[in-house]
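As structure tokens, the structure follows; a few thoughts come after it.
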Amino acid sequence: GAVVSQHPSWVICKSGTSVKIECRSLDFQATTMFWYRQFPKQSLMLMATSNEGSKATYEQGVEKDKFLINHASLTLSTLTVTSAHPEDSSFYICSAPPGTGGTEAFFGQGTRLTVV
Amino acid sequence: DAKTTQPPSMDCAEGRAANLPCNHSTISGNEYVYWYRQIHSQGPQYIIHGLKNNETNEMASLIITEDRKSSTLILPHATLRDTAVYYCIVRVGNNFNKFYFGSGTKLNVKP
Chain A
1 GAVVSQHPSW VICKSGTSVK IECRSLDFQA TTMFWYRQFP KQSLMLMATS
51 NEGSKATYEQ GVEKDKFLIN HASLTLSTLT VTSAHPEDSS FYICSAPPGT
101 GGTEAFFGQG TRLTVV
Chain B
117 DAKTTQPPSM DCAEGRAANL PCNHSTISGN EYVYWYRQIH SQGPQYIIHG
167 LKNNETNEMA SLIITEDRKS STLILPHATL RDTAVYYCIV RVGNNFNKFY
217 FGSGTKLNVK P
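Going down the list, the sequences are from chains A and B.
Counted the way my numbering counts, the first sequence spans residues 1 to 116.
Counted the way my numbering counts, the second sequence spans residues 117 to 227.
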């Protein structure tokens, strides 16, 4: 199946700083990518849809100024958590459809963010 | 997208078949049933999907009832590595649509 890679796998940052998470489609182009957040023992929550060449669309209740999304190319989307606080500590996961006619989405391995 | 209902947890003996049920009684005619699983601290892994016919691949089988209101994911010979949270998701099957995850079923495969 198609490969989606996230970097870094884990990151620790100080409260008030910003953190950037990258999501790459390694063997296919993705005009759309999705960002999810998962708190411990909870399910994945869709945060936003990243669109190449246009603004991201955010799910209700997600602060777009706090979670900046940039879809710089057909293989790269980034999520920047700005002015991070301990409550932003979570597992962040991206996904992308392969765009080859398949309808399933492939997910990255996730990024564990810890804000101290 | 239609809502799904899954049991919160299930146990299965290693080597036996694991049958994971999913209820999607409000599914509409153009909605597919997808199954993903998530092993602890990893991204979800695609397993299988179907519309109305039963499907089988190298990982699992998907049995969809004739009225499409429920389905069962079957892992024919569960191993310890199949211990994970399994998510049943219903959505329209065109490209680029997003997935909304429910609470899933924690499958515990025991030796």
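Using N, Cα and C, we set each Cβ at its ideal position, and we do this for glycine too.
Please read all numbers here as calculations on a predicted model, not as lab measurements.
Interface flag for Q109 (chain A) against chain B is set, since a Cβ pair is found closer than 8 Å. In the structure shown, D127 (chain B) falls within a strand segment according to DSSP collapsed to helix, strand and coil. About 10 Å separates the beta carbons of Q161 (chain B) and Q109 (chain A), which is beyond the 8 Å limit, so they are not a contact pair.
Around the Cβ of I12 (chain A), a 10 Å sphere holds fewer than 16 other Cβ atoms; the residue is exposed. Counting along the chain, the unbroken beta strand (DSSP E) around K226 (chain B) starts and ends at 221-226. For N51 (chain A), same chain residues with a beta-carbon under 8 Å away, outside a window of 5 residues either side, are T31, T32, T57, H71 in chain order.
Counting every other CB atom within 10 Å of its CB across the protein chains shown gives V19 (chain A) a total of 16 or more, marking it as buried.
Neighbours of S73 (chain A) across chain B, judged by C-beta separation under 8 Å, do not exist; the nearest C-beta is about 17 Å away. Among the residues of chain B, those whose CB is under 8 Å from the CB of F34 (chain A) are K214, F215, following chain order. Within the segment 141-155 of chain B, the residues whose Cβ lies closer than 9 Å to some Cβ of chain A are Y148, Y150, Y152, Q154, listed in chain order. Boundaries of the beta strand (DSSP E) harbouring T49 (chain A): 45-51, taken from the DSSP string. Using a Cβ-Cβ cut-off of 7 Å, S43 (chain A) is close to F217, G218, S219, G220 of chain B, given in chain order. Excluding the 5 residues flanking it on each side, K222 (chain B) has same chain C-beta neighbours closer than 7 Å at P124, S125, V201, in chain order.
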